[in-house]
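Comments concern the structure below.
As structure tokens, this is what we get:
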């Protein structure tokens, strides 16, 4: 198991390298000059090239990459062109908020999804199954930014129960564990949870339904095992695949919440990203994408290792 | 002569689906198996022979009629005591073993379930008895061959020390050479442990090797109950049995 872990960790390095190259290049080949965003319209050519040199944008691409990656490994992701603040501080603050939102959504979505999926898989082809399938298809199909706006209209505008914007009172982005802040989390987390509820429920339904029809489950009954114990075995067999789906979902929740964060003005990485795009803030954009991508890589690694730990059929060498 | 019957089945009807979609897989089947006897259920695919076995094992809830095991009438639900007495071996050794349990776990779980003690020693002996040896004890099913898996499945069935084994085509998923090994193993085990067998097979040769009597089934009904002796000599009364015999002999050539 230890050698498997080490091997997987070493394999992460080339992936991380590839991710960093793509992050760097994606932003470089995008049209538009970041300097136009911060320079006055009437800036002279000398002023422009001086600014370019100050940000290192006059050097050839490989050199720029080498400098960028060199600073990166020292924890320096450059300064935001728009705000002048260090990118690392901005990104990690935002990623923390996004992580909070993503994990909250996962905490809501995964148990509900697993429960519904198991229910549907067990009571296959009767009304319970059809009801769960309808709910999960609706969950996957409803555009969640639209749902977010609808929830805001109901719970913030009409009922006035929950705040509609920000991560804390007065638009503060400093998270604290108290009710004043947690109220702000409820609507975006619930909105974000709808899609993974559907996906997890459908996955678990298919898994449970499939496993329940297998011979070894009949064999467990024939062995004299009680229904509850048999279901425990079914759950254990479904766990590995369900876990990998949930791990990837958590990755999507983290990186894919741009729309939700924009709808709710949640000061997370998606919100940061959309601002960085509109302001052509190159260093911030690169830094945010990189951190999110590396998070996805790490998530995959964790899922793989967890799967190998659960399922003996997966080669560990 | 008063040999008590290990299994008695009277007017057993088993159906799937309900209302207009109901189809009867077994129709008013009646037979009995003496204690220590070995009884075969033969017939082509879909004739209902496996369904009878599953109904006895309590895996099919929709049935009517009477079933008695060791003098005790069976109800809708099976008690743990029933599974202590009656165990089942499935057709497909690839599907019927829990993919995430080692041989050791499979066997110890079955023993714990029925309150046996001294599990460590029992597992070692059981593995010897089914011809595997203790080297296989901590392997997973995917690390075993088909024949080895079926030996594990037999060991699992024997783990609670039952008196009756229900064998659902125990050799049909195996190579011919391995089939013979498993059949011999089953014959040996029956002699050593004084077991009662009910075996389902579409292969008359297999039934002839292991059973004394057999019920011939067609479309859910028992056409006739014959002795293996009469199968060998061809002294059967029903056309369908003759037809089955003829095709078995033809395929053997």
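Residue numbers (the UniProt record's numbering), protein chains in the order written: chain A, 1 to 317; chain B, 1 to 253.
For each residue, glycine too, the CB sits at the ideal point set by N, CA and C.
Residues of chain A with a Cβ closer than 7 Å to the Cβ of residue 57(B) are, in chain order, 222. Around the beta carbon of residue 141(B), a 10 Å sphere encloses 16 or more other beta carbons of the protein chains shown; the residue is thus reported as buried.
Residues of the same chain with a CB within less than 8 Å of the CB of residue 229(A), apart from the 5 flanking positions on each side, are 220 in chain order.
Between the alpha carbons of residue 265(A) and residue 100(A) lies a distance of about 14 Å. Contact of residue 96(B) with chain A is assigned, a C-beta pair being separated by under 7 Å.
Residue burial is scored here from C-beta neighbours: residue 184(A) has at least 16 other C-beta atoms within 10 angstroms and is therefore classed as buried.
By the beta-carbon neighbour count (other beta carbons within 10 angstroms, threshold 16), residue 128(B) is exposed.
Closest by C-alpha distance to residue 239(A), out of 284(A), 156(A), 304(A), is 304(A). Counting only runs of 4+ residues, the alpha helix (DSSP H) found wholly inside the region 46 to 134 of chain A occupies 61 to 73, 87 to 122, in chain order. Ranked by Cα distance from residue 58(B), the first of 224(A), 163(A), 44(A), 270(A) is 224(A).
Within the region 218 to 251 of chain A, the residues whose Cβ lies closer than 9 Å to some Cβ of chain B are 218, 219, 220, 221, 222, 223, 224, 225, 226, 229, 233, 236, 237, 240, listed in chain order.
For residue 87(B), the enclosing beta strand (DSSP E) starts and ends at 86 to 89. For residue 58(A), there are no C-beta contacts with chain B under 7 Å, since the nearest C-beta of that chain is about 59 Å from it. When secondary structure is reduced to three states using DSSP, residue 144(B) falls in the coil class, being assigned neither helix nor strand.
By the criterion of at least three beta-carbon pairs nearer than 8 Å, the region 205 to 215 of chain A is not in contact with the region 269 to 289 of chain A.
Shown here, residue 27(B) sits in a strand according to DSSP, grouped into three states. Cβ contact annotation for residue 13(B) (same chain, cutoff 7 Å, sequence separation greater than five): 24, 26, 27, 28, 63, 64, 65, in chain order. Residue 65(B) carries a strand assignment under DSSP once its states are collapsed to helix, strand and coil. With contact defined as three or more Cβ pairs closer than 8 Å, the region 274 to 288 of chain A and the region 122 to 132 of chain A are not in contact. Annotated as proximal: residue 53(B) and residue 200(B), with beta-carbon spacing under 7 Å. In this structure the region 243 to 258 of chain A does not lie against the region 45 to 58 of chain A, because fewer than three pairs of beta carbons, one per stretch, are closer than 8 Å. By the Cβ rule, the region 84 to 97 of chain B counts as touching the region 154 to 174 of chain B, because three or more pairs are nearer than 8 Å. Counting only residues of its own chain and dropping the five nearest sequence neighbours on each side, residue 56(A) has a CB closer than 7 Å to the CB of 64, 67.
In this structure residue 33(B) is buried. Its beta-carbon is surrounded by 16 or more other beta-carbon atoms within 10 angstroms. For a cut-off of 8 Å, the C-beta gap from residue 148(A) to residue 263(A) is around 4 Å, short enough to register as a contact. Residue 104(B) has a beta carbon lying at 7 Å or more from every beta carbon in chain A. Taking a beta-carbon distance threshold of 7 Å, residue 202(B) does not count as an interface residue toward chain A. Annotated three-state conformation of residue 5(B) is strand, per DSSP. If the five residues before and after residue 82(A) are omitted, its C-beta is found closer than 6 Å to the C-beta atoms of 279, 281, all from its own chain and listed in chain order. Per DSSP, the unbroken beta strand (DSSP E) holding residue 164(B) starts and ends at 164 to 168. Look at residue 83(B): its C-beta is under 7 Å from a C-beta on chain A. About 5 Å separates the beta carbons of residue 106(B) and residue 156(B), which is inside the 8 Å limit, making them a contact pair.
Annotation: the continuous beta strand (DSSP E) that includes residue 218(B) extends over 213 to 218. Membership of residue 221(A) in the alpha helix (DSSP H) is indicated by the continuous run 215 to 222. By the rule that beta-carbons nearer than 7 Å mark a contact, residue 281(A) does not touch chain B. Here the alpha carbons of residue 139(A) and residue 190(A) stand approximately 12 Å from one another.
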